[in-house]
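Note sheet for the following structure.
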Amino acid sequence: MSRDGVFSGVLAAALGLVAVQGSALAQDAWEEVAGLQVVHADATLPLARIFDSPDYRHQLIVTDDGGFVLDLKSKSVSALPADAIVWNEEDLPAPDMAQADELGLFLNEEGILSFEGDDGTYVVQPEPPLVGEISADKLRAAKPDYVHAASKYQPEAAMVAAISGVKTPTTIKVFFGTWCSYCKHWLPPLMKTVEAAKNPAIQLEFVGMSEDQSEPADLLGQYDVSLTPTFVILQNGEEVGRFEEEPLVSVEADLARYLGVEP
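Going by the numbering used here, the sequence shown opens with residue 3, and the numbers climb by one from there.
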C-alpha cells in the first residue's frame, strides 16, 4: 500500500472515531434541574421539566408536545419536536440537536428567562419556596410534578404488602427542598409507597427547607437534619431509622427494613 493509501486509511479511522465520540456525546443524558417552573399563557405548566446539558452550556425545557433548547452563551432558543428527545431508563433525556429549529433569542432579567414560542411567551423562573411544616394537600397542589412522578412509580409489591401490615403507629418526617434534585427524585417513590400500602398507622409529615438549609431552624435542630432529603422514621416517638439523600436499595425496601417487616 502507498503512503497516500496508509494516510487515507488512518485519516478515515480517525474521522470515524471522532464521529463515534461526537455521537456518544450527543446522546449523553442531561441532568434534571430542581427549583424552577415554566409559565405559559399566565399558567404554570405542571408537567414541564428542565434539564442541564452535560457541559452546562444549554438548558432543555420539556413540555407536553416537545421542548426548547436554550443556548446559555449565545442566548438563542430553538424548538425541538417530541421525537427528537430520547429518554433513557432513568427517565433522563438526550435531545437530538440536529432537529433543533432556532426561534430567536431569550431574555434574562435577574435570573428570569423568557422567550417566544410559536404559541406565545414562555417564562422560566424560580419556584416559590416551601419552608416549614406543609400539609400533604398543600404539597400536592404546589408540586404537581411530584404527584405525576408518584403516579408513574411502581413500588415492589412484596415490600408494599409487608409495609401494609405494620401495626405500630409510625410517623415519617419528610425533610426536603423544592430546590433539591434528590428530593424531586426520591419523594415521589415514598409518597407512592405509603399510598399503595393503605396503612392508616403510617403517616407522612412534610417539612420544607430553605435553600441554605437554615430554616426551619427548630425542626432541623430537633431532628438533626443537614442533608436533603432526610426521611426520619418514628415509632412511638422514637427514631427507628432514617434515609439521607438516597436509599440503600429502594425506598420501599429500606422502609420495610427500618420498620422490621422486610420479607
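Ideal Cβ placement from N, Cα and C applies to all residues, glycine included.
Within the same chain, show all residues whose beta-carbon is closer than 7 Å to that of residue i, passing over the 5 residues directly before and after it, in chain order.
i    : result
L229 : E246, E247
A43  : G122
K194 : A152, Y155, P157
E244 : The question names Glu, yet the displayed sequence has Arg at residue 244. Same-chain partners within the cutoff: T232, F233, V234, I235.
Which term fits residue i, buried or exposed, when burial requires 16 or more other beta carbons within 10 angstroms of its beta carbon?
i    : result
Y58  : exposed
T180 : buried
A160 : exposed
V253 : buried
K140 : exposed
Q23  : Note that Q23 scores a pLDDT of 38, beneath 50, so its modelled location is shaky and nothing firm can be said.
M3   : Summary for M3: the model assigns pLDDT 46, below 50, so the residue's position carries little reliability, and this model does not support an answer.
K186 : buried
P202 : exposed
V251 : exposed
F9   : In this predicted model, F9 has a pLDDT of only 39, less than 50, meaning its place in the structure is not dependable; the value taken from the coordinates is given anyway. Exposed: under 16 other Cβ atoms inside 10 Å.
What are the boundary residues of the beta strand (DSSP E) that residue i is part of?
i    : result
W188 : Looking at the DSSP string, W188 is not in any beta strand (DSSP E); the run it does join, the alpha helix (DSSP H), is 183-199.
A96  : 95-97
V41  : 38-42
A81  : 78-83
L115 : 114-119
Y155 : That residue, Y155, is in no beta strand (DSSP E); it is neither H nor E in DSSP.
R244 : 240-246
For residue i, which residues in the same chain have their Cβ closer than 8 Å to its Cβ, ignoring the five residues on either side in sequence?
i    : result
R142 : Y148, V149
N90  : A31, A96
V35  : I52, F53, D54, Q61, S183
G68  : A81, L82, P83, A84, A86, I87
D73  : R59, H60, V79, S80
Give the C-beta separation of residue i and residue j to the nearest angstrom, bearing in mind that I take them to be a contact with Cβ-Cβ under 8 Å.
i    : j    : result
A151 : L132 : Between L132 and A151 the Cβ distance is about 16 Å, and since that is not below 8 Å, they are no contact.
L109 : S116 : 5 Å
E129 : A31  : That pair is no contact at about 23 Å.
A81  : D66  : Contact flag wrong, Cβ pair sits at about 14 Å.
L236 : K175 : 7 Å
S78  : L38  : Actually they are not in contact, since the Cβ atoms of S78 and L38 sit about 19 Å apart, beyond 8 Å.
G223 : I136 : So it is not a contact: roughly 18 Å between Cβ atoms.
V88  : I63  : Not really, about 16 Å apart at Cβ, beyond 8 Å.
A138 : L94  : With 8 Å as the limit, A138 and L94 do not qualify as a contact, their Cβ atoms being about 28 Å apart.
F233 : L261 : The Cβ separation is near 12 Å, so there is no contact.
If you drop the 5 nearest sequence neighbours on each side, which residues of the same chain put their C-beta closer than 6 Å to that of residue i?
i    : result
I114 : Q127
V227 : F177
E264 : A258
E217 : V133
A28  : In this predicted model, A28 has a pLDDT of only 45, less than 50, meaning its place in the structure is not dependable enough to derive any value.
T46  : Q39
P249 : D256
P48  : P146
A50  : V40, T65
L221 : V209
Let's see if you can read the secondary structure: which residues bound the alpha helix (DSSP H) around residue i?
i    : result
L141 : 138-144
E254 : 253-260
Q2   : A query on residue 2 cannot be resolved here, the shown segment of the chain reaching from 3 to 265 and no further.
V1   : With the chain represented from 3 up to 265, any question about residue 1 goes unanswered, as that position is not in the structure.
V162 : 159-166
At a cut of 8 Å, does the segment 186-201 reach the segment 163-173 through at least three beta carbon pairs?
yes
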